[in-house]
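Residue numbers (the numbering used here): 3 to 171.
Given below as structure tokens:
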């Protein structure tokens with residue numbers, strides 16, 4: 003499950019970096035092209051390239067070139083993207099500074115992984131922190147994921163747990 007969660011995290015990051023909305027089919031094609039045909043293969047490829055930072059968080063930074071776009075144009079596009087992508091009560095823009103060219107938001111991605119078996123089930127949700135530093139023709143995106151939420155149903159009773167990443171795994 004942790005490998006599937008890791009795959010989902012990185013795929014979330016890749017989708018966010020493109021600053022556009024992707025359909026499920028496009029995301030699947032992108033993931034297969036970039037990480038491998040099978041989800042298990044993709045998880046193994048990603049697990050070998052990613053590690054936890056000093057705070058035991060999964061942190062990934064990516065620089066995206068945007069030739070011909072000014073800082074102001076990128077700021078407007080990114081604000082639109084954040085609004086369209088994280089438009090529920092569980093997501094929030096924590097900092098939005100146009101002069102400094104910084105946007106920090108906490109997103110919410112539900113149902114990243116799920117399983118149902120008999121009378122037991124679980125659903126995994128993520129709350130990534132996404133920081134974007136904006137300059138003319140370029141943005142730097144830093145994704146941080148400190149853990150994940152697991153909502154379990156055992157015999158019809160719901161139990162919620164917040165899981166941190168284990169550096170031993």
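C-beta: ideal position from N, C-alpha, C; glycine also.
Notebook entry, point to check: At what residue ranges does the region 64-119 contain a whole run of the beta strand (DSSP E), taking only runs of 3 or more?
Noted result: Within the region 64-119, the complete beta strand (DSSP E) runs of at least 3 residues are 94-99, 104-108, 111-119.
Notebook entry, point to check: For residue 156, which of 120, 149, 131 has the nearest alpha-carbon?
Noted result: One-based indexing of the chain shown puts residue 156 at position 154. The shortest Cα separation from residue 156 among 120, 149, 131 belongs to 120.
Notebook entry, point to check: Whose CA, out of 149, 104, 110, 103, lies closest to the CA of residue 57?
Noted result: The sequence position of residue 57 within the chain shown is 55, counting from 1. Comparing Cα-Cα distances from residue 57 to each of 149, 104, 110, 103, the minimum goes to 149.
Next item on the list: List the residues that DSSP assigns as beta-bridge partners of residue 159.
Entry: Residue mapping note: residue 159 aligns to position 157 of the chain shown, counting from 1. Residue 159 is bridged to 156.
Margin query: Between residue 76 and residue 143, how many whole angstroms is the CB-CB distance? I'm expecting something under 8 Å.
Written below: Here residue 76 is taken as the residue at index 74 of the chain shown, counted from 1. Here residue 143 is taken as the residue at index 141 of the chain shown, counted from 1. With a Cβ gap of about 11 Å, residue 76 and residue 143 do not count as contacting.
Checklist line | Where the beta strand (DSSP E) through residue 138 begins and ends | finding: Position 136 of the chain shown holds residue 138. It is not in any beta strand (DSSP E) - residue 138 carries neither H nor E in the DSSP assignment.
Notebook entry, point to check: Apart from the five residues on each side of it in sequence, which residues of its chain come closer than 6 Å, Cβ to Cβ, to residue 63?
Noted result: Position 61 of the chain shown, counting from 1, holds the residue named residue 63. Excluding residues up to 5 positions away in sequence, 144 lie with their Cβ nearer than 6 Å to the Cβ of residue 63 in the same chain.
Notebook entry, point to check: The beta strand (DSSP E) spanning residue 122 covers which residue range?
Noted result: Translated into the one-based positions of the chain shown, residue 122 becomes position 120. Looking at the DSSP string, the run of the beta strand (DSSP E) that includes residue 122 is 122-128.
Check: Does residue 152 come within less than 8 Å of chain C when only Cβ atoms are used?
Finding: Protein chain content of the structure displayed is limited to a single chain, and chain C is not contained in it.
Notebook entry, point to check: Is there contact here, the region 117-132 with the region 97-104, by at least three beta-carbon pairs under 8 Å?
Noted result: With the cut-off at 8 Å, the region 117-132 and the region 97-104 do not touch.
Check: Between residue 66 and residue 55, what straight-line distance do the alpha-carbon atoms span, to the nearest angstrom?
Finding: For the purposes of this step, residue 66 is taken as the residue at position 64 of the chain shown. For the purposes of this step, residue 55 is taken as the residue at position 53 of the chain shown. Cα to Cα, the separation comes out at about 22 Å.
Next item on the list: Determine the direct distance from the alpha carbon of residue 132 to that of residue 95, and round the result to whole angstroms.
Entry: Position 93 of the chain shown holds residue 95. Position 130 of the chain shown holds residue 132. One Cα belongs to residue 95, the other to residue 132, and the distance between them is close to 9 Å.
Margin query: Taking only three categories from DSSP, how would you classify residue 52?
Written below: The residue you call residue 52 lines up with position 50 of the chain shown. In this structure, residue 52 counts as coil in the three-state DSSP scheme.
Notebook entry, point to check: Roughly how many whole angstroms lie between the Cα atoms of residue 86 and residue 111?
Noted result: Counted from its first residue, the chain shown places residue 86 at position 84. Counted from its first residue, the chain shown places residue 111 at position 109. Approximately 13 Å between the Cα atoms of the pair.
Check: Excluding the five sequence neighbours on either side, which residues of its own chain have a C-beta within less than 6 Å of the C-beta of residue 92, listed in chain order?
Finding: In the chain shown, the residue the question calls residue 92 occupies position 90. Around residue 92, the same chain offers 110 as residues with beta carbons nearer than 6 Å, after the five sequence neighbours per side are excluded.
Check: So residue 126 packs on residue 114, CB below 8 Å; how close in whole Å?
Finding: Translated into the one-based positions of the chain shown, residue 126 becomes position 124. Translated into the one-based positions of the chain shown, residue 114 becomes position 112. That belief holds up - the Cβ atoms of residue 126 and residue 114 are roughly 5 Å apart, short of 8 Å.
Margin query: Applying the 10 Å Cβ sphere with the 16-neighbour rule, what's the burial state of residue 161?
Written below: Start at 1 with the first residue of the chain shown, and residue 161 comes out as number 159. Looking at its Cβ environment, which holds fewer than 16 other Cβ atoms inside 10 Å, residue 161 is exposed.
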